[in-house]
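These notes concern the structure reproduced below.
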Amino acid sequence: MSTFPMLAELQRVLSKMVISTDLAPINSIRQVCGVDVSYHMNMAFSSVVNMDRDSFDIIEIKESRSSIEFPYISGFFMLREAGPIFTVLKKLKSSFDVLIVNGHGVLHPRRMGLASFIGLLVDKPTIGIAKRLLCGIEDVDNYVSIDHDICGKKIIRKEHSHVYVSVGHKISLETSINLVTELFREEGRFPEPLMTADLMSKKARHFYMSQWKN
Numbered sequence: 758m759s760t761f762p763m764l765a766e767l768q769r770v771l772s773k774m775v776i777s778t779d780l781a782p783i784n785s786i787r788q789v790c791g792v793d794v795s796y797h798m799n800m801a802f803s804s805v806v807n808m809d810r811d812s813f814d815i816i817e818i819k820e821s822r823s824s825i826e827f828p829y830i831s832g833f834f835m836l837r838e839a840g841p842i843f844t845v846l847k848k849l850k851s852s853f854d855v856l857i858v859n860g861h862g863v864l865h866p867r868r869m870g871l872a873s874f875i876g877l878l879v880d881k882p883t884i885g886i887a888k889r890l891l892c893g894i895e896d897v898d899n900y901v902s903i904d905h906d907i908c909g910k911k912i913i914r915k916e917h918s919h920v921y922v923s924v925g926h927k928i929s930l931e932t933s934i935n936l937v938t939e940l941f942r943e944e945g946r947f948p949e950p951l952m953t954a955d956l957m958s959k960k961a962r963h964f965y966m967s968q969w970k971n
């Protein structure tokens with residue numbers, strides 16, 4: 758028997774644990790983390806960046822390298838990336854108020870994307886950011902619905918450039934949208950904490966590859 762039906766059912770069960778409301782007002786959010794992973798063959802290079810919300814000053818950066826066991830399978834991204842992300846998050850010494858993950862939250866066929874799974878693991882407010890839409894119907898205001906429930910929104914950055922924002926855990930969609938929009942810099946496709954984490958993970962991968970060649 759295939760394991761995927763069981764994994765899909767697990768996602769549905771976990772999705773019922775997600776909290777899609779604010780546990781604190783947006784003005785209490787001071788430190789925001791971004792976390793991302795880059796890959797080379799069977800190696801994952803994870804970076805997390807903790808950043809001051811107002812100044813964009815970097816409070817802390819941590820990196821890790823680990824082997825990956827799972828291939829990329831659409832709808833089951835959490836199985837591939839949750840391990841490397843959780844590993845690097847455990848290295849953080851500083852506290853943070855919100856975590857931004859490069860992956861969908863509840864904007865997912867079973868309402869349990871990577872960002873929601875990570876949010877449940879760390880039990881912190883978490884936001885999902887993704888470049889591509891897995892499912893849902895987009896309306897004229899760029900909100901995306903699944904089975905008539907609004908689960909995310911497309912944020913247009915530049916011509917032909919956009920991201921999809923969704924709740925990960927312990928935060929509302931509107932607060933997620935407002936916070937993410939505030940954290941963009943003009944040239945960035947991602948909000949700055951995630952953009953920096955993305956760049957750092959790619960630098961770590963490049964360094965590893967250059968050492969391997971030597």
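Quick note, my numbering runs 757 ahead of the 1-based positions in the sequence shown. No residue lacks a Cβ here, since even glycine has one placed at the ideal position from N, Cα and C. Please read these numbers as outputs of a predicted model, since none were measured by experiment.
When the Cα of Val972 is compared with those of Val770, Val792, Asp809, Ile783, which residue comes out closest? No information on residue 972 is available, as it lies outside the stretch 758 to 971 that the chain covers here.
Output yes if chain C places a C-beta closer than 8 Å to the C-beta of Ser958; else output no. Among the protein chains of the structure shown there is no chain C, as only one such chain exists.
Per the contact definition of three or more C-beta pairs closer than 8 Å, is the segment 872–883 in contact with the segment 839–847? Enough Cβ pairs lie closer than 8 Å, so yes.
Can the beta-carbon of Ala839 be found less than 8 Å from the beta-carbon of His861? Within the sequence shown, numbered from 1, the residue matching residue 839 stands at position 82. Within the sequence shown, numbered from 1, the residue matching residue 861 stands at position 104. The answer is no: Cβ separation not under 8 Å.
The beta strand (DSSP E) spanning Gly791 covers which residue range? Translated into the one-based positions of the sequence shown, residue 791 becomes position 34. If you look at Gly791, you'll find it in the beta strand (DSSP E) that goes 788–797.
Reference Val858; option with closest CA among His865, Pro866, Thr883, Ile818: Sequence index remark: in the sequence shown, residue 858 carries index 101 (1-based). Ranking His865, Pro866, Thr883, Ile818 by CA distance to the CA of Val858 puts Thr883 first.
Best match in Lys847, Ala961, Glu939 for proximity to Ser812 [C-alpha to C-alpha]: Counted from its first residue, the sequence shown places residue 812 at position 55. Between Ser812 and the set Lys847, Ala961, Glu939, the nearest pair of CA atoms involves Glu939.
Member of Pro762, Phe761, Gln768, Ser777 whose CA lies at the smallest distance from the CA of Leu930: Position 173 of the sequence shown, counted from the first residue, corresponds to residue 930. Checked all of Pro762, Phe761, Gln768, Ser777; the closest Cα to Leu930 is Ser777.
Met869 versus Gly893 - alpha carbon distance: Here residue 869 refers to the residue found at position 112 of the sequence shown. Here residue 893 refers to the residue found at position 136 of the sequence shown. Distance between the alpha carbons of Met869 and Gly893 is about 14 Å.
Using CA coordinates, which residue listed in Arg914, Ile830, Ile913, Glu895 is at the minimum distance from His905? For the purposes of this step, residue 905 is taken as the residue at position 148 of the sequence shown. Scanning Arg914, Ile830, Ile913, Glu895 for the CA closest to the CA of His905 turns up Glu895.
Given that a residue counts as buried once 16 or more other Cβ atoms are within 10 Å of its Cβ, and exposed if not, what is Tyr829? Here residue 829 refers to the residue found at position 72 when the sequence shown is read from its first residue. Classification for Tyr829: exposed.
Assess contact between the segment 958–970 and the segment 784–796, defined as three or more Cβ pairs (one per stretch) separated by less than 8 Å. Is contact present? With the cut-off at 8 Å, the segment 958–970 and the segment 784–796 touch.
I think Asn784 touches Phe853, with their Cβ atoms under 8 Å apart; what is that distance to the nearest whole Å? Here residue 784 is taken as the residue at index 27 of the sequence shown, counted from 1. Here residue 853 is taken as the residue at index 96 of the sequence shown, counted from 1. About 16 Å; that fails the 8 Å criterion.
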